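Before any comments, here is the structure.
Number of protein chains: 2
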Amino acid sequence: MARRNDHSREEIREMALEAAEQLVSEQGPGAFSARKVAGAIGYTVGTLYLVFDNLDDLILQMNARTLDRLHGRMLQARIQCRNSREALLRLGETYIRFADEDPHRWEMIFGHRTAEGEKTPEWFQQKVARMFALVEAVMQPLAKRRSAPEIAQAARALWGGVHGICILALTDKLGVAGVQSVQDLAQSLINNYLEGFTRQ
Amino acid sequence: MARRNDHSREEIREMALEAAEQLVSEQGPGAFSARKVAGAIGYTVGTLYLVFDNLDDLILQMNARTLDRLHGRMLQARIQCRNSREALLRLGETYIRFADEDPHRWEMIFGHRTAEGEKTPEWFQQKVARMFALVEAVMQPLAKRRSAPEIAQAARALWGGVHGICILALTDKLGVAGVQSVQDLAQSLINNYLEGFTRQ
DNA sequence: ACCTGAACACCGTTCAAGT
DNA sequence: ACCTGAACACCGTTCAAGT
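Right under this line is the structure:
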């Protein structure tokens, strides 16, 4: 057995991530397993361990790609806006639409527990931080009298809030039905928060 | 083998839930398994299936008890306050302190994914709804000019927000260190939101 | 050098068989 | 009637052995 060399390391990595994303999207996180991913790309489980450290590593890399796509969409949403207030609302809308379009892939990012003792690697944390930095940048012109640390804190509070509404709604814990209601909640949070934050 | 009758059904249920809670508290959700819970109470795995439908059922019942304790704490926090604004801030503080004191048990509630196709049972959803009802009740006197549906929506937006800050911070995604920073973020969210919501 | 396949130590769940 | 223990179909992970 063995030595097929049909694909380079990098190709196998790409195929595996592609297959993993499809599996999660279509059947949810519960259906995800190393054997299924391997089977889907025509290799054995062992091969996955030549390319990834372990299953957590594979999931992390898959989640990184999802975060990259989200970040891309958020960047795109911002440049289509004429003012900062509109941009902030559009960022929230984009965030929720993205989660709603592929809830399984989304849950994979924020529902995935890093193993006890292990901590999320730096490069992944930065992909999350990048999102908050984007929110900060948009909030800056809205509260010119606030200091940089104040704006950083506000961006975290507000975006944590948008995220919370999103995650509770997607997991059926908010008692609201339909994406539009979730969008309304988030817009309400952003608008009212801004009211308080920019005044005074 | 078999027929010990040392404990009634109800006693086994109680022991199992107790053991499950301890296991999760001390070793995290990853260490949790039916065999470990059974072992901890001196019974076999099979016995658990005489008392619970399946592992999801056990987890749900454990989470229900956690939610009951949280609700109790929140009720207690409210009656110690002189006005509604203070009560709302104390509710947020209580929520976050509770999560921080036992993060694993907390994550079990909101990180637990109901199996694909299955949906969370009604009786559990109501325990979550009860929490939002409490927030609503506290917000009511703060915005007398708002309609009941408006207040219901505001409670969900605001508490979804507090939850989001809490969950992101606990899973190290907010880039903040220490409980106090999380508390600060939540208080900032509540204060600024209220500012916008109660004005006008 | 590359990949396999079988092994290991775990899972959740079921259920005939013992007392 | 109550509980067991073994079985089944799965896991993640490792690694000697084949080509």
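Quick mapping for you: the protein sequence lines, in order, are chains A and B.
Residue 205 in the working numbering sits at position 125 of the first sequence, with consecutive numbering throughout.
Residue 159 in the working numbering sits at position 79 of the second sequence, with consecutive numbering throughout.
Yeah, the Cβ is synthetic: ideal placement off N, Cα and C, and Gly gets one too.
Remember, it's a predicted structure, so these values are computed and weren't measured experimentally.
Buried versus exposed, by CB contacts within 10 Å (16 or more), residue i
{"i": "Gln206/A", "result": "exposed"}
{"i": "Thr146/A", "result": "buried"}
{"i": "Trp126/B", "result": "Note on identity: in this sequence residue 126/B is Gly, with Trp being the wrong assignment. Answer is exposed; the Cβ neighbour count stays below 16."}
{"i": "Trp186/A", "result": "buried"}
{"i": "Asn134/A", "result": "exposed"}
{"i": "Ala111/B", "result": "exposed"}
{"i": "Glu181/B", "result": "exposed"}
{"i": "Ile231/A", "result": "buried"}
{"i": "Arg149/A", "result": "exposed"}
{"i": "Ile270/A", "result": "buried"}
{"i": "Ser88/B", "result": "exposed"}
{"i": "Arg179/A", "result": "A small fix is needed here, since residue 179/A is Ala in this sequence, not Arg. Classification for Ala179/A: buried."}
{"i": "Glu198/A", "result": "exposed"}
{"i": "Glu106/A", "result": "exposed"}
{"i": "Ala235/B", "result": "buried"}
{"i": "Gly100/B", "result": "Just to set this straight, residue 100/B is Ala in the shown sequence, not Gly. Under this definition Ala100/B is a buried residue."}
{"i": "Ser268/B", "result": "buried"}
Sub-8 Å separation of residue i and residue j beta-carbons
{"i": "Met154/A", "j": "Leu238/A", "result": "no"}
{"i": "Val262/B", "j": "Ile247/B", "result": "no"}
{"i": "Ile189/B", "j": "Asn143/B", "result": "yes"}
{"i": "Leu138/B", "j": "Leu128/B", "result": "yes"}
{"i": "Leu222/A", "j": "Ser164/A", "result": "yes"}
{"i": "Val242/A", "j": "Ala266/A", "result": "yes"}
{"i": "Gly240/B", "j": "Leu254/A", "result": "yes"}
{"i": "Met211/A", "j": "His151/A", "result": "yes"}
Whole-Å CB distance - residue i paired with residue j, under 8 Å assumed
{"i": "Gly276/B", "j": "Tyr175/A", "result": "Contact flag wrong, Cβ pair sits at about 20 Å."}
{"i": "Val131/B", "j": "His184/B", "result": "In fact, because the Cβ distance is near 23 Å, the residues do not count as touching under 8 Å."}
{"i": "Ile193/A", "j": "Pro109/B", "result": "In the sequence as displayed, the identity of residue 193/A is Arg instead of Ile. Indeed, because the Cβ distance is near 6 Å, the residues count as touching under 8 Å."}
{"i": "Thr200/A", "j": "Asp252/B", "result": "6 Å"}
{"i": "Ala157/B", "j": "Leu168/B", "result": "That belief does not hold up - the Cβ atoms of Ala157/B and Leu168/B are roughly 10 Å apart, past 8 Å."}
{"i": "Ala209/A", "j": "Asp136/A", "result": "Ala209/A to Asp136/A, Cβ: 20 Å. No contact."}
Note down, one range per segment and in chain order, each alpha helix (DSSP H) of at least 4 residues found wholly within the stretch 225-263 of chain B.
228-250
Ignoring anything shorter than 4 residues, give me the alpha helix (DSSP H) runs that lie fully in the stretch 157-210 of chain B, in order along the chain.
For the stretch 157-210 of chain B, whole alpha helix (DSSP H) runs of length 4 or above, ordered along the chain, are 164-181, 183-191.
Can you pull out the residues from the stretch 196-210 of chain B whose beta carbon lies closer than 8 Å to at least one beta carbon of chain A?
Glu196, Lys199, Thr200, Gln205, Val208, Ala209
Scan the stretch 106-119 of chain A for residues whose Cβ lies nearer than 9 Å to a Cβ of chain B and list them as they occur along the chain.
Within the stretch 106-119 of chain A, the qualifying residues are Gln107, Gly108, Pro109, Gly110, Ala111.
Proximal residues, the stretch 252-273 of chain B versus chain A, C-beta separation under 8 Å
Asp252, Lys253, Leu254, Gly255, Val256, Asp264, Leu265, Ala266, Ser268, Leu269, Asn271, Asn272, Tyr273
3 or more residues per run - each beta strand (DSSP E) lying fully within the stretch 104-151 of chain A:
Counting whole runs of 3 or more residues, the stretch 104-151 of chain A contains no beta strand (DSSP E) stretch at all.
For the stretch 234-248 of chain A, which residues have a beta carbon sitting closer than 9 Å to at least one beta carbon of chain B?
Ala234, Arg236, Ala237, Leu238, Trp239, Gly240, Gly241, Val242, His243, Gly244, Ile245, Cys246, Ile247, Leu248
Members of the stretch 156-187 of chain B near chain A, C-beta cut-off 8 Å
Under the 8 Å Cβ criterion, the stretch 156-187 of chain B contributes Glu187.
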